[in-house]
Amino acid sequence: MTYDVAIIGAGLVGLATAHRLQTLRPDWKVCLLEKEQSIALHQSSHNSGVIHSGIYYQPGSLRAKNCLSGYALLLEFCSQHQVPFEICGKLIVATEADEIPALEKIYLRGKENGLYGLSMLDREAALEIEPNIACERAIQVPQAGIIDFRNVALTLSELVEEAGGVMLLGEEVKQIQSLATEVIIGTSGNELRSRYAVSCAGLYADKVARLTVPDLPCRILPFRGEYYDLIPERRDLVNHLIYPVPNPNFPFLGVHFTRRLHGGVEAGPNAVLAFRREGYKFADFDMVELTTTLAYRGFRKIASKYWRTGLQEMRRSLSKKKFVEALQKLVPAIVEQDVVPGRSGVRAMACDIEGNLLDDFLILEEQRIIHMVNAPSPAATACLAIGRELATKILKKEL
Ligand SMILES: Cc1cc2nc3c(=O)[nH]c(=O)nc-3n(C[C@H](O)[C@H](O)[C@H](O)COP(=O)(O)OP(=O)(O)OC[C@H]3O[C@@H](n4cnc5c(N)ncnc54)[C@H](O)[C@@H]3O)c2cc1C
708 MTYDVAIIGA GLVGLATAHR LQTLRPDWKV CLLEKEQSIA LHQSSHNSGV
758 IHSGIYYQPG SLRAKNCLSG YALLLEFCSQ HQVPFEICGK LIVATEADEI
808 PALEKIYLRG KENGLYGLSM LDREAALEIE PNIACERAIQ VPQAGIIDFR
858 NVALTLSELV EEAGGVMLLG EEVKQIQSLA TEVIIGTSGN ELRSRYAVSC
908 AGLYADKVAR LTVPDLPCRI LPFRGEYYDL IPERRDLVNH LIYPVPNPNF
958 PFLGVHFTRR LHGGVEAGPN AVLAFRREGY KFADFDMVEL TTTLAYRGFR
1008 KIASKYWRTG LQEMRRSLSK KKFVEALQKL VPAIVEQDVV PGRSGVRAMA
1058 CDIEGNLLDD FLILEEQRII HMVNAPSPAA TACLAIGREL ATKILKKEL
């Protein structure tokens, strides 16, 4: 088979890219190659389900730009296609006075990123919204919302198929040959030709990119995020979304409370190195993947910088007591009996050889292939904007 564009990976980013390409070029033959037997089985359905406002990201970065434009596109898409969501707002809470300067920085960053309606609340005002928090001061972010991103992926996949897109499931891409006029893609069982290719392979983004960019300057490190569920009788401890002030030296937002769209409240996720890229449980282990991670200079550098935080996270993963202690910082009334173990997800984080986790989305463009190498949070919120960007880059190649 010959296609105009082959997209590798049917998560939110790949699906959104296919959808956008079909909208702009309905005459093109588009296929999606997905290694699993179903779409969106990894990060796109194992996340917190939060529609991010864009408050945290460096102004002008791809994350800031795509989160803000993706937010608007996502809400419009969901309204148009009856995908349920709720804009419930969130609080980012300084629980101690020494966190206030960092909270103020986030507030200013949000303003710089053009967020409307942000308010800096004193303790009393914050307690009116979330009566059970420990709080010195808090930012109220009215735009934040909740959604089940799997529904977004399913809707996108239906639209792609209705528009004639071909979904090739169970096809793991193992080889890519980029020629002057086409790309030849070898999968576990087949070979296909396409004029262009876009790779959106999430946790394996670096592995796929290295098929055509052998000297790729980074590797994906998998960080598992584990959640606990609040038991039904204690769900009223949390009204909306409650986040801590993130550690500025760590690229994760810290364990938080998230109300789920279809009921229930989750607490988490932590951030623990996974011993396998798709390792959803502590004991999931892949010798080759783990030794490749441990042997990577970037990982060793990061481990030497953050070993203390890493150990703390590991302890929190193994000990419910430690996990609950972190939650008690935000909601002191929570006790171990109030939570039960819940889901988990694994984040794909690109790390360079110097041990820096990349702070932005990373897109690598070649003559006939585009690789989405780093698409961490908020890429679910931003997927429609990223899809637009990747589709535009492909169409420019036609000029
Ligand atoms: C715990 C956690 C919480 C998060 N919370 C949020 C949140 O609240 N809000 C938010 O906006 N973002 C959140 N994110 C981030 C968001 O989920 C991801 O950034 C986003 O889903 C990335 O989508 P993707 O399509 O790039 O990757 P994925 O969804 O991982 O899709 C990649 C696809 O590529 C396929 N694939 C891989 N290799 C190959 C190959 N060789 N051949 C064929 N197919 C292949 C995989 O099977 C997979 O289906 C969270 C992520 C995690 C893990």
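First residue of the sequence shown: 708, per our numbering; consecutive thereafter.
Positions of the beta carbon are idealized from the N, C-alpha and C atoms, including for glycine.
Note that the structure is a prediction, hence the values are computed from the model and not measured.
- In the three-state scheme derived from DSSP, where H, G and I count as helix and E and B as strand, Q1044 is classed as helix.
- With the rule of 3 Cβ pairs closer than 8 Å, the region 963 to 976 counts as touching the region 1046 to 1057.
- With a minimum length of 4 residues, the unbroken runs of alpha helix (DSSP H) contained wholly in the region 903 to 978 fall at 912 to 916.
- Within the region 866 to 897, the complete beta strand (DSSP E) segments of 3 residues or longer fall at 873 to 876, 880 to 885 and 890 to 894, listed in chain order.
- Taking 3 residues as the shortest admissible run, the region 810 to 849 contains the following complete beta strand (DSSP E) segments, listed from N- to C-terminal end: 826 to 829 and 844 to 848.
- The residues D711, in chain order, have a CB closer than 6 Å to that of W735 in the same chain once the five nearest residues on each side in sequence are set aside.
- When beta bridges are read from the DSSP output, D805 appears opposite no residue.
- Between the region 830 to 842 and the region 856 to 873 there are fewer than three C-beta pairs closer than 8 Å, too few to call the two in contact.
- Apart from the 5 residues on each side of it in sequence, D991 sits with its Cβ closer than 6 Å to the Cβ of R983 in its chain, given in chain order.
- Residue burial is scored here from C-beta neighbours: K742 has at least 16 other C-beta atoms within 10 angstroms and is therefore classed as buried.
- With a cutoff of 8 Å, T1000 does not count as near ligand 1, since its C-beta is closer than that to no heavy atom of the ligand.
- A check of alpha carbon separations from C925 across V915, T802 and V790 identifies V915 as the nearest.
- Counting the other CB atoms within 10 Å of its CB gives D943 a total below 16, which places it among the exposed residues.
- Ranking L739, T1088 and L875 by CA distance to the CA of I758 puts T1088 first.
- Partner residues in the beta bridge of I1076, as assigned by DSSP, are A904.
- Across the structure, V920 and V867 are spaced so that their CA atoms are roughly 29 Å apart.
- Note that the region 746 to 764 touches the region 844 to 852; at least 3 beta-carbon pairs, one per stretch, sit closer than 8 Å.
- Taking C-beta atoms as the reference points, L923 and L1071 count as a pair closer than 9 Å.
- Judged by DSSP in its simplified three-state form, L748 adopts coil rather than helix or strand.
- Within the same chain, C785, I854, D855, N858 and L968 come within 8 Å of P791 by CB-CB distance, once the 5 residues on both sides are set aside.
- Its Cα nearest to that of A779, the residue A1092 stands out among L876, A1098 and A1092.
- Annotation for E996 indicates a beta carbon at 8 Å or more from all heavy atoms of ligand 1.
- For the 9 Å CB-CB criterion, I892 and V905 do not form a contact.
- Residue pairing by DSSP places D855 opposite no residue, since no beta bridge is assigned to it.
- The shortest C-alpha to C-alpha distance from S1084 to any of L775, R727, V945 and L739 is the one to L775.
- Rounded to whole angstroms, the gap between the alpha carbons of E865 and M874 is 10 Å.
- Between Q744 and G877 a beta carbon distance of about 5 Å is seen, short of the 8 Å cut, so the two are scored as contacting.
- As a beta-bridge residue in DSSP terms, M1056 pairs with L928.
- If you draw a 10 Å sphere on the C-beta of D913, you find 16 or more other C-beta atoms in it, and that means buried.
- In the DSSP assignment, Y1013 falls within the alpha helix (DSSP H) that extends over R1004 to L1025.
- Beta-bridge analysis with DSSP links K797 to V848 and L948.
- When DSSP states are grouped into helix, strand and coil, G767 belongs to the coil group.
- Secondary structure at E743: coil, using DSSP grouped into helix, strand and coil.
- Nearest in C-alpha terms to M708, of all of V890, E940 and T1016, is V890.
- Rounded to the nearest whole angstrom, the C-alpha separation of I836 and V1042 is 21 Å.
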